[in-house]
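Start counting the sequence shown at 1; every next residue gets the next number (the numbering used here).
Ideal placement from N, C-alpha and C gives every residue a C-beta, glycine not left out.
Since this is a predicted model, take the numbers as computed values, not measurements.
Each remark here refers to the structure printed beneath this line.
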Amino acid sequence: MTEPTIDFHIQTHQPQFNIPIQLIKKNFKSIQKLIEKQKKQTGDEIAKIKKNVNLPKKIQLEMIRKSISSFETFQKKLQTLIKKDEEYRSRLVARLENISQLSKYTDAQDMLNFHNPNLINWYRNETNLLIVDYLIKSNTHEENLGNKLLESLAKTNPKISKLIDHDLYLDYNKVYLSITKAHDLSLIIHWFNDNKSSLKKIHSNLEFEINYCKYLTLIESGDVNEAIKFSQDNLSSYGNKENYSVEEMGNYKHNSERLKGLGGLLVYRSMDNSFPNMLFSNKLMFQSQPYREYEKLLSNERWENLGRCFIDNFIKLFGITTNYPLFVYLSAGLSGLKTKSCYHNTENTVFKEATPLETTPVLPTLITPANFTSYTAPVTPLTVRKYRGPDYYYRLLHKVNNCPVCSPEMFQLSRNLPFAQLITSIFNNPFRLPNGNIYQFDKLLSSGELLPERSTLLRQGQVKDPLTHEVFFIDNCIRVFPA
1 MTEPTIDFHI
11 QTHQPQFNIP
21 IQLIKKNFKS
31 IQKLIEKQKK
41 QTGDEIAKIK
51 KNVNLPKKIQ
61 LEMIRKSISS
71 FETFQKKLQT
81 LIKKDEEYRS
91 RLVARLENIS
101 QLSKYTDAQD
111 MLNFHNPNLI
121 NWYRNETNLL
131 IVDYLIKSNT
141 HEENLGNKLL
151 ESLAKTNPKI
161 SKLIDHDLYL
171 DYNKVYLSIT
181 KAHDLSLIIH
191 WFNDNKSSLK
201 KIHSNLEFEI
211 NYCKYLTLIE
221 SGDVNEAIKF
231 SQDNLSSYGN
241 KENYSVEEMG
251 NYKHNSERLK
261 GLGGLLVYRS
271 MDNSFPNMLF
281 SNKLMFQSQP
291 YREYEKLLSN
301 ERWENLGRCF
311 IDNFIKLFGI
321 TTNYPLFVYL
331 SAGLSGLKTK
341 SCYHNTENTV
351 FKEATPLETT
361 PVLPTLITPA
371 NFTSYTAPVT
381 PLTVRKYRGP
391 DYYYRLLHKV
401 NNCPVCSPEM
411 FQLSRNLPFA
421 QLITSIFNNP
431 FRLPNGNIYQ
441 FDKLLSSGEL
451 LPERSTLLRQ
461 GQVKDPLTHE
471 VFFIDNCIRV
481 FPA
């Protein structure tokens, strides 16, 4: 297996620089708008004072005080935006310094020295960041566990909070939960208004989704008259092709199809199918396919669609990856370990009730957890939290299995990953020397040198390359797994 290099880490950390850059741009535009607005307002107030020179001095003085108060408010707002800009720039500096640390942990061949304790600690911090990132984004409760973990880690490592855009992810999680869980549109409307100009540049269809969801909510609540008025004011324009640019023709076709069923939905809702004296023919009509489609429109599916649209726009806006970075790294490692012998323990009953293979996502995305196939496991010793971990499971089976691919924690993630193309190595216990040559460790210990010289080298913790005769410390040799 190829060890990660500095170039590999630079490429994988590139998305970490996208968000602060986008936030700096957005904040700079806010500063520009604030200055322009205050400039115009101050100019108008001064012109008004000069124009009304005949006003009593008391009123003129009050106008001047009001102008000064307005300017002081402007200064406070400007100072807040400047602090934000400094915070975003400090994140970029901290992340650059973090990735630059790798250059200190290399050997003579500019390869990462995996025996360096500082490098091991660096990887530990990176793992903590991956876990925090996953917990913050996938949170489904009011109190975010990922944020609590970050606060705990920041007590011993204050710089770690600058290596992840936790505030942005917290806002994202709150908006997403307000849509899919609370069925509330207030946060998504505020987020849309706050990013309206940027969303327009990426040809977002989020505004239609919000209005469409609002319309369906009014229909569901039985407020038909208000729904009709809302539709005329906020939805009718989406049916006009002239309101779309060439790049937005896909949105036009999508929106037109959904607008066609609005009239029929009003008729469906106006006929109360819970009325006890409903005619038999009407009851049959409600069981027909078109009316089932209307019933589907008023289900929770509209909230899930809005949630997906929000996530798609969020990803495009800030240039982040669709998948959780933690799962990407885990998948890369698991696919390198997965063999044809995995999952062949027929006595293993732990995974009997797992989700069928064809319905399991290859890699969970940010649209989890709302769109995963729901499964409620029976309450048994295998599902109680205190029994979690492979040791307990395999003790019940009277088996020993240290394979991470087959472990209960990684089973669902690894089951759809490709198998590693492994070939049995001809070496027994192979080690790689710093010069890149690979030998059996026994051969290094029993090389063709004279016994006194060999004994001297071993006492000094050194070995000699049988081919090049270079001498290296054993601690600098790495156990490898040739494939």
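- In this structure, the beta-carbon distance from Asn429 to Asp465 does not fall below 9 Å.
- In the DSSP assignment, the residues bridged to Lys464 are Val471.
- Under the three-state reduction of DSSP, Leu96 is assigned to helix.
- In the structure shown, Tyr134 adopts helical secondary structure according to DSSP, grouped into three states.
- A check of alpha carbon separations from Ile19 across Thr127, Ile10, Arg95 and Ser69 identifies Arg95 as the nearest.
- Listed in chain order, the alpha helix (DSSP H) elements of length 4 or more contained wholly in the region 12–74 are 15–51.
- Bounds of the beta strand (DSSP E) holding Arg432 are Pro430 to Arg432.
- Assignment of Leu112 by DSSP, reduced to helix, strand and coil, places it in the strand class.
- In terms of CA proximity to Ser245, His203 leads the group Arg308, Arg415, Asn98 and His203.
- Take His183, set aside five residues on each side of it, and the residues of its chain with a beta-carbon closer than 7 Å to its own are Trp303, in chain order.
- Burial state of Glu97 is exposed, judged by a 10 Å Cβ sphere holding fewer than 16 other Cβ atoms.
- Distances from the alpha-carbon of Leu259 to those of Asn193, Glu301, Glu209 and Asn225 put Glu209 closest.
- Contact between Asp475 and His115 holds, with the beta-carbon distance rounding to 6 Å and staying under 8 Å.
- Contact between Val405 and Leu334 holds, with the beta-carbon distance rounding to 6 Å and staying under 8 Å.
- With fewer than three CB-CB distances shorter than 8 Å, the region 215–229 does not count as touching the region 170–181.
- Distance from the CA of Gln16 to the CA of Ile315, rounded to the nearest whole angstrom, comes to 13 Å.
- The Cβ atoms of Asn205 and Glu257 do not sit closer than 9 Å to each other.
- His13 sits away from Ile131, with the two beta carbons spaced by 9 Å or more.
- Under the three-state reduction of DSSP, Ile478 is assigned to strand.
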